[in-house]
Amino acid sequence: SLPSRSGSTSEPAPPPTKEPTPSQQAVVEPPPAAASQTQDVFAAFEDTASSSPAPPPPQQPQKLPEPDPFSFIAETTPPPTSSSATTHQTLSKEETSMFDPFEEAVKAGTTPFDAPSSDPSPPVATQTNTVPLAASIPTPSPNNDPQLSGKLAAAEEKMSLLEKEKQRIQHEHEALLRSREDTEKQLEEQKKLSAALEQERAESEARVKEAVEATAAEQKVERAASEKAVSAVLAEEREKNSALLADIKAEEAGRRRQLEAVDLFLETARGHLRTLTSDPAGGGQSSVTDPTD
Numbered sequence: 001s002l003p004s005r006s007g008s009t010s011e012p013a014p015p016p017t018k019e020p021t022p023s024q025q026a027v028v029e030p031p032p033a034a035a036s037q038t039q040d041v042f043a044a045f046e047d048t049a050s051s052s053p054a055p056p057p058p059q060q061p062q063k064l065p066e067p068d069p070f071s072f073i074a075e076t077t078p079p080p081t082s083s084s085a086t087t088h089q090t091l092s093k094e095e096t097s098m099f100d101p102f103e104e105a106v107k108a109g110t111t112p113f114d115a116p117s118s119d120p121s122p123p124v125a126t127q128t129n130t131v132p133l134a135a136s137i138p139t140p141s142p143n144n145d146p147q148l149s150g151k152l153a154a155a156e157e158k159m160s161l162l163e164k165e166k167q168r169i170q171h172e173h174e175a176l177l178r179s180r181e182d183t184e185k186q187l188e189e190q191k192k193l194s195a196a197l198e199q200e201r202a203e204s205e206a207r208v209k210e211a212v213e214a215t216a217a218e219q220k221v222e223r224a225a226s227e228k229a230v231s232a233v234l235a236e237e238r239e240k241n242s243a244l245l246a247d248i249k250a251e252e253a254g255r256r257r258q259l260e261a262v263d264l265f266l267e268t269a270r271g272h273l274r275t276l277t278s279d280p281a282g283g284g285q286s287s288v289t290d291p292t293d
C-alpha cells in the first residue's frame, strides 16, 4: 500500500543519492503539468484509501457446473474495489509491469513525484471543467417542441408577409405624397395662370374702356363675354383642383388608417412571440394567434 500524505504537513524526504535506473529516470522526470495532475490523483486516492475501511479479501470465483459463454466479461472486468492487489489480479503480466518502477521507488523510500523537476518553471494549475447542475438539465424550449416550432415558424412567416405589405403600403403612401406635391405645384401654376388671366382681364377692360367711346354696345358685349369666359374658366379650374385635393386627402387618410392598423397588429404579434419565447413553461401548449384574423 502507498504511504498516505493527507495528514502530514512536513516537507517530503529528499530523494536518495543513488543513480536511478533508466526505467526510474523515465518516470522521475515527467512534465510539470503531468506531475501536478498525477500528484492530485494519487493524493485523492490515498485520502480515500485511508478513510475507507479495509477491503475484504478477494474471493475466488466459483466454478460453474457448465461453461458460461459470458465468462470473459467477469475475467476482463475488475471488481469495484480500491485495493491495488485485487486490481493486479485482473491485469496481465505486461500491464502490471508498468507499475514496477513506481513500486521500486516506494520500497527505496521515495516516489517519482518527490524528485526535483529539471524544468524550473512552476507547475501549471489543473482546471476542472465543471458544468452546473441547473445548466445540465434541459429546459423546454421551442426547439424541443416540433408543434410549437411549427407555429412559431408560421407566425414568423406571416409576420414577414405583413412586413412586406407594410413596406408596399409605405411605398404607395410615399407615391401619394409625391403626387400631392405635384398637385400643389400644379395649384401654384394655376394661381400664376389665374393672376395672368386677371391681368389680361384688366388689360381687356382697359381696351374695352378705350373702345367705349367708339361704340357703347360693342363695349358692353365684349366686356360681358370676356368677364363670363374668364369667370367660367376660373370656376372650372377651382372645382377641379378642389375635387382633386379632396380625393387626395381622403386617400391619404385611408392609407394612414391602414398603416396604423398594420402597426397595431404587428405589435400584437410581437407580444405573442415574446410570450412564447420568454415563457416556455407551457411545453408548447400555448396558442399562437393567427395574424390573418
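The end of the sequence shown is residue 293 by full-length UniProt numbering, with every number in the run present. Here a beta-carbon is modelled for each residue, glycine too, at the ideal position from N, C-alpha and C.
By the 16-neighbour rule on beta-carbons within 10 angstroms, Pro101 is buried. Of all C-beta pairs linking the stretch 211 to 219 to the stretch 228 to 244, fewer than three are shorter than 8 Å, placing the two stretches out of contact. One thing to note: Leu197 has its Cβ no nearer than 8 Å to the Cβ of Arg255. Remark: three or more beta-carbon pairs, one from each stretch, lie closer than 8 Å, so the stretch 158 to 176 and the stretch 256 to 276 are flagged as touching.
Beyond the five residues adjoining it in sequence on each side, Leu162 comes within less than 8 Å, by CB distance, of Val262, Phe265, Leu266, Ala269 and Pro291 in the same chain, given in chain order. Secondary structure at Ala108: coil, using DSSP grouped into helix, strand and coil. Ser278 and Glu251 have their C-alpha atoms spaced approximately 40 Å apart. Out of Ala108, Ser160 and Thr183, the CA that lies nearest to the CA of Asp247 is found in Thr183. A direct Cα-to-Cα measurement between Val208 and Leu193 gives close to 22 Å. In the structure shown, the three-state DSSP call for Ala214 is coil. Between the alpha carbons of Gln199 and Lys249 lies a distance of about 32 Å. Here Lys185 is exposed, its C-beta having fewer than 16 other C-beta atoms within 10 Å.
Under the three-state reduction of DSSP output, Asp247 falls in the helix class.
In the structure shown, Asp145 falls within a coil segment according to DSSP collapsed to helix, strand and coil. With 16 or more other Cβ atoms from the protein chains shown falling within 10 Å of its own Cβ, Lys151 counts as buried.
The C-beta of Ala155 has 16 or more other C-beta atoms within 10 Å across all chains shown, which makes the residue buried. When the five nearest sequence neighbours on each side are left out, the beta carbons in the same chain lying within less than 6 Å of the beta carbon of Met159 are those of Ala269, in order along the chain. Distance from the Cα of Lys240 is smallest, within the candidate group Gln190, Glu165 and Arg168, for Gln190.
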